[in-house]
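Asker: Quick one: the structure is below, and I'll ask about it shortly.
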Amino acid sequence: TYDKEHKVSFPAGSNESHLAKQWLFFQTTGQGPYYGQFVWFTKYHEPKVPSAVERYAKEINRVTAVLETHLSKQADDADGNRWLVGRRFSYADLAFVPWQYYAGMLAKDYYKSDDYP
């Protein structure tokens, strides 16, 4: 393992380890593909297909709502932050950062980050 001290991971076989893997699977099967398809249909696909853009815009909002709902139920850590698994930052959180960061820019007409504190 690359993270023997579990700075961003959890001990193998622990409940947290399983939960982090579940979030990673959600990112790789939900967020990544849907956000990527949104970019494809808004930036590159010709001719434009409004129904595809709308579908993937809805997926961006759905995935964000799943994250927001889960995080709203998590306890704050010592600094007042909330994380996907346990009460600390992990690779599960990191996996969502790139697409979520760009969602507000790439889908600005369909996604309002202010709706998801």
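So for the sequence shown, the UniProt record's numbering puts the first residue at 1; every next one is plus one.
Where is the CB? At the ideal position from N, CA and C, for every residue including glycine.
1) Report, in whole angstroms, the separation of the C-beta atoms of A20 and V97, which I expect to be a contact under 8 Å.
2) When you compare each of K73, D114, S17 and D109 to P50 by their alpha carbons, which one comes out closest?
3) Considering only the alpha carbon of each residue, which of A75, T28, Q37 and E59 lies closest to A92?
4) Grab me the residues of T64's own chain with a C-beta within less than 6 Å of its C-beta, minus the 5 sequence neighbours each way, in chain order.
5) What residue does the alpha helix (DSSP H) around H70 start on, and which one ends it?
6) What's the C-alpha gap between P47 and E54?
Answerer: In brief:
1) Not quite, the Cβ-Cβ distance comes to about 15 Å (not below 8 Å), so this is no contact.
2) D109
3) T28
4) Y116
5) P50 to K73
6) 15 Å
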